[in-house]
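K.L.:
Encoded as structure tokens, here's the structure I'll be asking about.
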Amino acid sequence: MSTAYVVLDTLGIVALSENGDVIDKVIYSGDVDSIAEKLNKLEVGQPVDELINLVNKLKSAGFVRVVIENKELARNLSNVMSGIEIRSELPSKPGLMYRENFGSRYVREVFGMDEGQYMARVYEITVAQTRHKLKQVAEKRDLFIAQAISSVDDIDKILNLISSRVREWYGLHFPELDDLVKDHRDYMTLVSELGHRRNFTVENITKLGISQDRARRIYESSVKSVGAEMADWDLEPIRAYARIYLQLYNIRNQLTQYIDEAMSEVAPNIKELVGPLLGARLIMLGGGLMRLALLPASTIQVLGAEKALFRALRTGSKPPKHGIIFQYPEIFRSPRWQRGKIARALAAKLAIAAKADAFTGNFIAPRLKEELLKRIQEIKTLYAKPPARKPEVKAKAKPQGAPEKKGGRKPRHK
Amino acid sequence: MSSLIKPTGVKAHERFKGVYWVSFEDGSEKLATINLTPGRRVYGEQLVQWEGNEYRIWNPFRSKLAAAIMNGLKVMPIGEGTRVLYLGAASGTTVSHVSDIVGPGGLVYSVEFSPRVFREFMEKIIDQGRRNVIPILADARYPEQYLSIVKTVDVAYIDVAQPFQAKILADNADVYVRGNGYVMLVIKAMSIDVTKEPSETFKREIDHLKERGYEILDMVHLEPYDTAHAIVVARKSR
Chain A
3 MSTAYVVLDT
13 LGIVALSENG
23 DVIDKVIYSG
33 DVDSIAEKLN
43 KLEVGQPVDE
53 LINLVNKLKS
63 AGFVRVVIEN
73 KELARNLSNV
83 MSGIEIRSEL
93 PSKPGLMYRE
103 NFGSRYVREV
113 FGMDEGQYMA
123 RVYEITVAQT
133 RHKLKQVAEK
143 RDLFIAQAIS
153 SVDDIDKILN
163 LISSRVREWY
173 GLHFPELDDL
183 VKDHRDYMTL
193 VSELGHRRNF
203 TVENITKLGI
213 SQDRARRIYE
223 SSVKSVGAEM
233 ADWDLEPIRA
243 YARIYLQLYN
253 IRNQLTQYID
263 EAMSEVAPNI
273 KELVGPLLGA
283 RLIMLGGGLM
293 RLALLPASTI
303 QVLGAEKALF
313 RALRTGSKPP
323 KHGIIFQYPE
333 IFRSPRWQRG
343 KIARALAAKL
353 AIAAKADAFT
363 GNFIAPRLKE
373 ELLKRIQEIK
383 TLYAKPPARK
393 PEVKAKAKPQ
403 GAPEKKGGRK
413 PRHK
Chain B
18 MSSLIKPTGV
28 KAHERFKGVY
38 WVSFEDGSEK
48 LATINLTPGR
58 RVYGEQLVQW
68 EGNEYRIWNP
78 FRSKLAAAIM
88 NGLKVMPIGE
98 GTRVLYLGAA
108 SGTTVSHVSD
118 IVGPGGLVYS
128 VEFSPRVFRE
138 FMEKIIDQGR
148 RNVIPILADA
158 RYPEQYLSIV
168 KTVDVAYIDV
178 AQPFQAKILA
188 DNADVYVRGN
198 GYVMLVIKAM
208 SIDVTKEPSE
218 TFKREIDHLK
228 ERGYEILDMV
238 HLEPYDTAHA
248 IVVARKSR
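If you read the sequences in order, they're chains A and B.
To convert a position in the first sequence, counted from 1, into my numbering, add 2.
To convert a position in the second sequence, counted from 1, into my numbering, add 17.
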């Protein structure tokens, strides 16, 4: 009629008698990650094999009752066990005893270690466990990011449409403004806030955040504008449309903010390497972080340039040097002949960063970035001059024909 | 920037071991702890070299425990070698100083629920090599979730934005705090009930601790560093 108390530990499971003597134990085998996984299961109340085996052994040793401190675990265990009563009690007396006298007694008795060794092990396992959990949480979020970045791209298109429409429409009334205010957002603010050009006083314009100097110029041209007269009734729809622009602009900011934060959670390495937006685009094009992580660097290099890539494969024209990673400043700001090399170096680092984000969660980006910048420096010094060859331009843009089929590059398919 | 002002001396805190006052040439005095991971910063705090030790300035506007010490906390059960169960570790600002104070012989089990801030915690605390901190991503309302990991501690410290903080603290303490151990409760009146006067909320949380058998040893308000916040130190008489 005796009761056994089951106590969970990071390194194993211990069965104690009511007065705290060790009856039996299982020590987890396997590597840090597999132990971390077991702990995660136990935490949410899923019995692991080790626990079931231990309770079975207790049963055959004649114990009729097992007390476990985790309620959920006790309940789920009693569903899979029969012939033995399973109860929960938090904290149990032997449990308290175990935790209280752990360093002085049990660490040696149960695990045969000193406390330092034990703690080093616990540290390793809990860190792995936490990383594992953080990763699980972040998992699906990569798809949210992909949607968010697509929305940003949509909004950009819409913003361009609206701004060119408003410029043309309002231009009928005040054509000079188009050249004076190049920034779309300033233009839309002026239109939506001021409306009729007679309201373009220096004071009104500066109030909207435009410098005194420019305000004066705008004011002067508003006075001698050659545009058609418009009544407020004509202007209202234009102003409403411009307001939509500004609202959308704000939404775009919120979205990029969201992407920025979500990227630090999901893919901090990629974010550190190429920034949140480009990173998000890569995840979108890859079809999720996990899939991106499984892509080879050469594919990451040309993500977003599929059209050019398949054309190259089909016709033997020159393959693209870069896809979406062209947006990386070091690439598009570099001279043409260096871009391919930088793109290749960047793609290689991105492939590593994506793997770190998807699988380990370690933050290794600072090192990657440093290596990358070093390589870029190297490229810049080694290939400072353009190659002496004839200009390579245009071949890329030609749809077919591939005029100058040089060297050994042959079409893949027949 | 204050970082340009040079330190002129360091003296130990009059009551709490492991806590220091660093004085500066402009006459100001700031709290500090000895950096367990020299050369590394956790939240952009100032590092000060003095007589072979590196001190990390402890900002009371960022850390409620520092605010309590500035406001004359009398009982601070965290010292060298202390084992602490820290509930609500967030991104690790206060945890880092607690980790400094307890030193390599102590231990800080750090429990946090939000993965968002805990990722930062991992970067700043774990990746920087603070080996006396055990990270636990779990919900402090369910102390059974970390039974496998946590052993008996000397102090349970709670700083969570949750109603029933005192209850959560006592539930954890029942399982993990040694007989005659301490609890420290950061009461965030506004997170518990915005509609009530802070003093009412303080009283309610303190009453709950008393009901659970705790003797209140000290309480300090955290103004002006944090409004409507207080820290309570209590001890269970078993």
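Note that CB positions come from ideal geometry on N, CA and C, so glycine has one too.
Source: prediction; values computed, not measured.
So, at 8 angstroms on beta carbons, what are the nonlocal neighbours of residue 161 of chain A in its own chain, with the 5 sequence-adjacent residues on each side left out?
P.N.:
Hits under 8 angstroms: 186, 247, 250, 251, 254.
K.L.:
Could you compute how far the alpha carbon of residue 339 of chain A sits from the alpha carbon of residue 388 of chain A?
P.N.:
Cα to Cα, residue 339 of chain A sits roughly 6 angstroms from residue 388 of chain A.
K.L.:
Could you round the C-beta distance between residue 110 of chain B and residue 80 of chain B to whole angstroms and report it? I think they count as a contact, below 8 angstroms.
P.N.:
The pair is a contact, with the Cβ atoms about 5 angstroms apart (cut-off 8 angstroms).
K.L.:
Based on the DSSP secondary-structure assignment, which residues constitute the bridge partners of residue 90 of chain A?
P.N.:
DSSP output for residue 90 of chain A lists A:70 as bridge partner(s).
K.L.:
Looking at C-beta atoms only, is the number of pairs between the segment 326–344 of chain A and the segment 261–281 of chain A that lie closer than 8 angstroms three or more?
P.N.:
Verdict: yes, contact present.
K.L.:
Can the beta-carbon of residue 360 of chain A be found less than 8 angstroms from the beta-carbon of residue 292 of chain A?
P.N.:
Contact flag set, yes.
K.L.:
Can you tell which of A:124, A:138, A:197, A:368 has its C-alpha closest to the C-alpha of residue 276 of chain A?
P.N.:
Of the listed residues, the one whose Cα sits closest to residue 276 of chain A is A:368.
K.L.:
Taking the continuous beta strand (DSSP E) assigned at residue 134 of chain B, which residues delimit it?
P.N.:
Careful: residue 134 of chain B lies outside any beta strand (DSSP E), inside the alpha helix (DSSP H) at 132–138.
K.L.:
Using the C-alpha atoms, what's the distance from residue 17 of chain A back to residue 27 of chain A?
P.N.:
Near 6 angstroms, if we compare the C-alpha coordinates of residue 17 of chain A and residue 27 of chain A.
K.L.:
Who are the Cβ neighbours of residue 65 of chain A in its own chain at under 6 angstroms, not counting the five residues just before and after it?
P.N.:
Once the five neighbours on either side are set aside, the close Cβ partners of residue 65 of chain A are 4, 6.
K.L.:
Among residues of its own chain, excluding the 5 on either side of residue 100 of chain B, which ones have a beta-carbon nearer than 7 angstroms to its beta-carbon?
P.N.:
Cβ neighbours of residue 100 of chain B beyond the five flanking positions: 123, 124, 170, 171.
K.L.:
State the start and end residues of the unbroken alpha helix (DSSP H) segment that holds residue 113 of chain B.
P.N.:
Segment 110–119, the alpha helix (DSSP H) holding residue 113 of chain B.
K.L.:
Quick check on the burial criterion: 16 or more other C-beta atoms within 10 angstroms. Buried or exposed for residue 29 of chain B?
P.N.:
Exposed.
K.L.:
Given a limit of 7 angstroms on CB to CB distance, which residues of the segment 47–78 of chain A reach chain B?
P.N.:
If the cut-off is 7 angstroms between Cβ atoms, the segment 47–78 of chain A has 71, 72, 73 near chain B.
K.L.:
Under 8 angstroms, do residue 113 of chain A and residue 10 of chain A count as touching if we go by C-beta distance?
P.N.:
No.
K.L.:
Residue 135 of chain B CB to nearest chain A CB: under 8 angstroms?
P.N.:
Output row for residue 135 of chain B: interface = yes.
K.L.:
Could you please give the first and the last residue of the uninterrupted beta strand (DSSP E) stretch that includes residue 11 of chain A?
P.N.:
Unbroken run through residue 11 of chain A: none, as it is neither H nor E.
K.L.:
Quick check on the DSSP output: the alpha helix (DSSP H) that includes residue 2 of chain A runs from which residue to which?
P.N.:
For chain A, the structure presents residues 3 to 416; residue 2 of chain A sits outside this window and is missing.
K.L.:
If we count the other Cβ atoms within 10 Å of its Cβ and call it buried at 16 or more, is residue 242 of chain A buried or exposed?
P.N.:
It counts as exposed.
K.L.:
Is residue 151 of chain B close to chain A, meaning its C-beta is less than 8 angstroms from at least one C-beta of that chain?
P.N.:
Closer than 8 angstroms to some Cβ of chain A, the Cβ of residue 151 of chain B qualifies, so yes.
K.L.:
From which residue to which residue does the beta strand (DSSP E) around residue 38 of chain B run?
P.N.:
Counting along the chain, the beta strand (DSSP E) containing residue 38 of chain B begins and ends at 37–41.
K.L.:
Quick check on this structure: which residue in B:34, B:235, B:252 has the alpha carbon closest to the alpha carbon of residue 91 of chain B?
P.N.:
It is B:235.
K.L.:
Residues of chain A with a CB under 7 angstroms from the CB of residue 168 of chain B: which are they?
P.N.:
Under the 7 angstroms cutoff, chain A gives 101, 104.
K.L.:
For residue 142 of chain A and chain B, any beta-carbon pair shorter than 8 angstroms?
P.N.:
No, residue 142 of chain A does not count as interfacial toward chain B.
K.L.:
Helix, strand or coil for residue 195 of chain A, going by three-state DSSP, please let me know.
P.N.:
Three-state DSSP puts residue 195 of chain A in a helix.
K.L.:
Which residues, taken in chain order from the segment 358–372 of chain A, show a beta carbon closer than 7 angstroms to some beta carbon of chain B?
P.N.:
So the list reads 365, given in the order they occur along the chain.
K.L.:
Just list the residues that DSSP pairs residue 99 of chain A with in beta bridges.
P.N.:
DSSP lists no partner for residue 99 of chain A.
K.L.:
Measuring only from the beta carbon, is residue 11 of chain A closer than 7 angstroms to any heavy atom that is part of the ligand FMN?
P.N.:
The ligand content of the structure shown is nil, which means the ligand FMN is not present either.
K.L.:
Could you tell me which residues DSSP pairs with residue 66 of chain B in its beta bridges?
P.N.:
Paired residue(s): B:71.
K.L.:
When you compare the CB of residue 258 of chain A with every CB in chain B, is at least one pair closer than 8 angstroms?
P.N.:
Residue 258 of chain A does not count as touching chain B.
K.L.:
So that I know if they touch, is there some Cβ in chain B lying closer than 8 angstroms to that of residue 112 of chain A?
P.N.:
Not closer than 8 angstroms to any Cβ of chain B, the Cβ of residue 112 of chain A fails to qualify, so no.
K.L.:
Can you give me the start and stop residues for the beta strand (DSSP E) that residue 26 of chain B sits inside?
P.N.:
Start and end: 24–29.
K.L.:
Please report whether the beta-carbon of residue 157 of chain B lies at a distance below 8 angstroms from any beta-carbon of chain A.
P.N.:
False, the Cβ-Cβ gap to chain A never drops below 8 angstroms.
K.L.:
What's the C-alpha gap between residue 272 of chain A and residue 346 of chain A?
P.N.:
Spanning the two alpha carbons is a distance of roughly 16 angstroms.
K.L.:
Which residue marks the beginning of the alpha helix (DSSP H) containing residue 245 of chain B, and which one marks its end?
P.N.:
Residue 245 of chain B -> no alpha helix (DSSP H), and no H or E assigned at all.
K.L.:
So what's residue 149 of chain A in DSSP terms, helix, strand or just coil?
P.N.:
Three-state result, residue 149 of chain A: helix.
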